Ligand SMILES: Cc1ncc(COP(=O)(O)O)c(C=O)c1O
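Residue numbers (this note's numbering): 10 to 394.
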């Protein structure tokens, strides 16, 4: 019993344990990358990222490195709306009005090949160069003061389904290992099968020290999120103070974990992540066929059933639209009028400039529905631009 409680919720608050929570933890651990052997169930994405930041801090206190306090994250990322999570996020617009209240964290470049890779530089070299910004920032802050680097494997809301280029995350992992910095991956939006793997970072062949999931974990049936971590982190706390100084009333909620268990069983039994990979390629091809030559479509990207379209005023120069046009907002309305729910957002480039549309259809989408979705989106874009 004690071991089960430890595996699931390593604080003595909230629900102790339950059959669905145990089974769900087992299932996630079985499929998780690396040695993410502990699970902490919360009620959503922001709770998961907030808990991850606090866990990183407590870990370093437990192992006698209290000077480690800095979190490095990336520009144009989103990690949630609670103050700690918002501090890690790098979207200027979302942060602006709360700026005086945010915890000091620093932000390096995202891996955003379409807009930020100069012509003439290879994708690989670009990825290595922007990954190396992490090392520069660690050295600037002082290697003994940095506790974690936090990033989304495929950036969702704020960039529009942008995966890193090959080699980027391997270099990030190397740098984290070299300086004893924890790697926190936020898969709240891109995880749980959406990009073709149950865990998005499997594509990049890296394993984090702490991983956050939510959204697809409950597939909308129940509010639930989870933070997973390695035994190394867990053991430091268990053998140290013995108590993760965190918690919410509903951690490990039995009904939420029962719903998520049903979801993850469905995902794994039917190998829906693989289906998301296959159907995602069809979505990409259909988008390219319909919009690939459109003068205002700059980039069509993503992985699996997580696709982004970046809209530009000029394809050749990649110049974004004037934000005064409110292109993303207008497309959202036009798409809804067509009967399509999608997630257009502005501020792609810097929190103010740029527009993209995010598509994340259900994993059970059929070929005809791919065509229907792309047709409706095409109509919406034509109606607005
Ligand atoms: C990558 C990422 N992290 C964290 C969050 C926050 O999750 P929630 O809205 O469930 O608090 C989101 C929400 O969109 C997200 O996309």
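Every residue gets a Cβ at the ideal spot worked out from N, C-alpha and C, and that includes glycine.
Because the structure is a prediction, the values reported are computed rather than measured.
Looking from the CA of residue 215, the closest CA among 144, 186 and 143 belongs to 186.
In this structure, residue 184 places its C-beta atom within 8 Å of the C-beta atom of residue 140. Taken in chain order, the complete beta strand (DSSP E) segments of 3 residues or longer contained in the region 20-53 are 45-51.
In terms of CA proximity to residue 329, 361 leads the group 361, 343 and 301. The DSSP assignment places complete alpha helix (DSSP H) segments of no fewer than 4 residues inside the region 271-357 at 281-300 and 336-347, in order along the chain.
Burial state of residue 105 is exposed, judged by a 10 Å Cβ sphere holding fewer than 16 other Cβ atoms. The Cβ atoms of residue 234 and residue 53 lie closer than 8 Å to each other. For residue 316 against residue 205, the beta-carbon gap comes to about 12 Å, at or over 8 Å, which does not count as contact. When C-alpha distances from residue 379 are compared across 294, 117 and 321, the shortest belongs to 294. In terms of Cβ geometry, residue 71 and residue 246 form a close pair [threshold 8 Å].
Within the DSSP bridge table, the entry for residue 237 names 48 and 220 as partners.
Checking the 7 Å criterion, the Cβ of residue 58 is within range of a heavy atom belonging to ligand 1. Under the three-state reduction of DSSP, residue 69 is assigned to helix. Straight-line measurement puts the Cα of residue 359 at about 22 Å from the Cα of residue 58. When beta bridges are read from the DSSP output, residue 158 appears opposite 81 and 192.
Taking a cut-off of 8 Å on C-beta distances, the region 288-307 does not touch the region 349-358, as fewer than three cross pairs fall below it. Relative to ligand 1, the nearest heavy atom lies less than 7 Å away from the CB of residue 88. When DSSP states are grouped into helix, strand and coil, residue 379 belongs to the helix group. The region 255-269 makes contact with the region 227-242; the number of CB pairs closer than 8 Å reaches 3 or more.
Distance from the Cα of residue 203 is smallest, within the candidate group 276, 262, 219 and 68, for 276. Residue 83 counts as buried, since no fewer than 16 other beta carbons sit within 10 angstroms of its beta carbon. Considering only 391, 376, 291 and 375, the residue with the shortest C-alpha distance to residue 337 is 391. With fewer than 16 neighbouring CB atoms inside 10 Å of its own CB, residue 131 falls in the exposed class. Fewer than three pairs of CB atoms, one per stretch, sit closer than 8 Å, so the region 118-128 makes no contact with the region 368-384. Note that the C-beta distance between residue 354 and residue 169 is below 8 Å. Around residue 150, the same chain offers 79 as residues with beta carbons nearer than 6 Å, after the five sequence neighbours per side are excluded.
Per DSSP, reduced to three states, the secondary structure at residue 197 is coil, with no helix or strand assignment.
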